[in-house]
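Residue numbers (our numbering): 6 to 404.
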Amino acid sequence: MKPMKHPTSPACRPVAAPALLAATLTVGLASLLPLPPKVVAGTATGQLLTQTVLRQAVAAQIALPATLPAVAPVADPAPLAAHLATPVADPAPPAAKLLAVRKIWDAAPHNAFTDLVRFRDRWYCAFREGKAHVSAGGAIRILTSADGQEWTSVALFRNDKGDLRDAKLAITPRGELMAVAAVAWHQRQPHSHQTFAWFSEDGQRWSEPVPIGEPDVWLWRVTWHGPRCYGIGYSTTKDRFIRLYVSEDGRTFATLVPRLYETGYPNETSIAFDGDTAYCLLRRDGQPSSGLLGIARPPYKQWEWKDLGVRIGGPHMLRLPDGRWVAAVRLYDKKVRTALCWLDPEGGRLSEFLTLPSGGDTSYAGLVWHQDRLWVSYYSSHEGKTSIYLAQVAFPAGR
């Protein structure tokens with residue numbers, strides 16, 4: 006369900022005939038309250054009361070009178086008229102509260118690119134271990150925890166011929182834990198990248214890697230919606246584009262939209278659903294470099310794209326139970342950081358509301374709503390060594 010705009014949001018048109026409306030409301034207030042007209046028109050109290058009546062009148066679509074009854078003259082309504090001529094903005098959303106953040110892993114020289122899920126009443130966090138942000142021999146490690154406090158390793162995936170990168174986690178309709186990552190081959194011919202998937206029924210024992218998608222189209226993240234798995238791959242060749250895939254089993258993927266988007270070097274994505282409406286948060290690193298929000302309805306072959314007007318990295322998003330959308334991204338303006346943002350799908354806007362303790366090499370969050378709070382895995386180098394962190398964020402009730 007899309008959030009409704011408040012009738013007095015800045016998107017509404019300014020009040021017509023403000024001087025007449027000011028006088029009219031002044032008379033109405035004077036008749037309802039034990040205050041003389043000059044007090045109502047000329048004080049901060051009068052402005053607050055008038056604003057309240059105005060909100061109620063606009064919300065109820067009340068037609069205010071065009072003529073006034075005979076009353077005593079109003080003392081200089083000009084300040085109040087000017088106040089009413091400016092649309093009244095909604096109050097800011099309730100602030101989110103960072104309840105806790107803790108480092109959960111730093112064993113490798115470089116620990117990065119996370120994801121997070123709840124599976125069989127346990128936490129699972131996946132990420133890459135390597136010598137540097139880009140280095141030969143990168144591996145995918147999976148941790149588990151019963152309480153989010155104490156973590157142990159349950160899997161380590163390697164490929165001797167390449168660098169495993171950007172682990173993602175999902176749960177299949179068959180009740181399997183699914184891990185996805187791509188290999189950047191040491192020998193880049195005939196291909197440079199291949200995406201693989203691993204499956205586990207208990208989170209402990211894992212299948213052999215299964216190649217998914219196509220060579221040189223990095224299937225960066227997958228999302229299950231009902232019985233189908235959707236994922237967007239991005240080209241790792243000089244021909245820059247993204248491609249939408251669909252799968253019935255998570256092992257065999259068919260192309261749904263061959264060239265979903267092409268401008269500005271599109272790459273990393275996050276797909277989420279509200280009912281059957283699909284949303285895609287898309288990173289771009291070319292010209293232009295601003296992030297995009299895509300929206301589509303079944304069969305997901307026609308997409309509308311909205312420019313978010315800000316550069317983002319490592320995108321992920323989640324719809325809260327109250328209907329609001331939260332996005333976790335790397336922001337590049339001012340200090341590079343991992344940020345939580347409100348995402349307005351209708352307006353196509355990102356609004357940062359919380360900066361996580363982060364800096365330098367950082368981002369690539371996993372998001373899970375559990376026990377009435379948002380759990381966020383991410384990586385950062387703000388304390389020196391690039392490490393894995395887990396944050397808990399509480400939200401007051403939505404408006």
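The beta carbon of each residue, even a glycine, is placed where N, CA and C say it ideally should be.
H196 and P293 have their C-alpha atoms roughly 27 Å apart. Rounded to the nearest whole angstrom, the C-alpha separation of A175 and Y270 is 26 Å. Of the other Cβ atoms in all chains shown, 16 or more fall within 10 Å of the Cβ of D168; this residue is therefore buried.
Taking the C-beta atoms as reference points, A131 is found no nearer than 8 Å to H115. Under the three-state reduction of DSSP output, S294 falls in the coil class, being neither helix nor strand. Counting other Cβ atoms within 10 Å of its Cβ, E351 stays below 16 and is therefore classed as exposed. Rounded to whole angstroms, the gap between the alpha carbons of D120 and R170 is 12 Å. Cβ neighbours of R233 within its own chain (closer than 6 Å, five residues either side excluded): V251. Between G365 and V341 a beta carbon distance of about 7 Å is seen, short of the 8 Å cut, so the two are scored as contacting. Using a Cβ distance threshold of 8 Å, I237 and W225 count as a contacting pair.
In the structure shown, G153 falls within a coil segment according to DSSP collapsed to helix, strand and coil. Judged by DSSP secondary structure, N272 falls within the beta strand (DSSP E) whose first and last residues are P271 to D279. G291 and E219 have their C-alpha atoms spaced approximately 23 Å apart. In the DSSP secondary-structure assignment, Y250 is bridged to G236 and T260. Rounded to whole angstroms, the separation of the alpha carbons of W110 and D377 is 25 Å. If you compare the alpha carbons of F124, A332 and G314 with that of T177, the shortest gap goes to F124.
By the neighbour-count criterion, in which 16 or more other beta carbons inside 10 Å mark a residue as buried, E155 falls on the exposed side. Distances from the CA of L297 to each of D349, D327, D338 and G328 were compared; the closest alpha carbon is that of D349. A direct Cα-to-Cα measurement between A344 and R133 gives close to 21 Å. By the Cβ-count criterion, D221 is buried, with 16 or more other Cβ atoms from all chains shown falling within 10 Å of its own Cβ. It is roughly 13 Å from the alpha-carbon of R289 to the alpha-carbon of S275.
Nearest Cα to D152 within the set K173, V159, G143 and Y129: Y129. A direct Cα-to-Cα measurement between A113 and K390 gives close to 9 Å. Straight through space, the alpha carbons of E388 and V334 are spaced by roughly 19 Å. If only complete runs of 3 or more residues are kept, the segment 166–200 shows the beta strand (DSSP E) at 167–176 and 182–190, in order along the chain.
In this structure, V227 and V185 form a Cβ contact; the two beta carbons are roughly 6 Å apart against a cut-off of 8 Å.
Per DSSP, Q209 has no beta bridge partner at all. At least 8 Å separates the beta-carbon of R329 from that of S295. Distances from the alpha-carbon of W308 to those of V262, D327, A332 and L336 put V262 closest. In this structure F358 is not in contact with A105, their Cβ atoms being roughly 18 Å apart against a cut-off of 8 Å. Per DSSP, L286 is one residue of the beta strand (DSSP E) stretching across T282 to R289.
In terms of Cβ geometry, A259 and A283 do not form a close pair [threshold 8 Å]. The alpha-carbon of L372 is positioned some 11 Å away from that of P320. With a cutoff of 8 Å on beta-carbon distance, T200 and A189 are scored as not near each other.
In this structure, the alpha-carbon of Q397 lies about 6 Å from that of L103. Counting of Cβ neighbours within 10 angstroms places K166 among the exposed residues, the total staying below 16.
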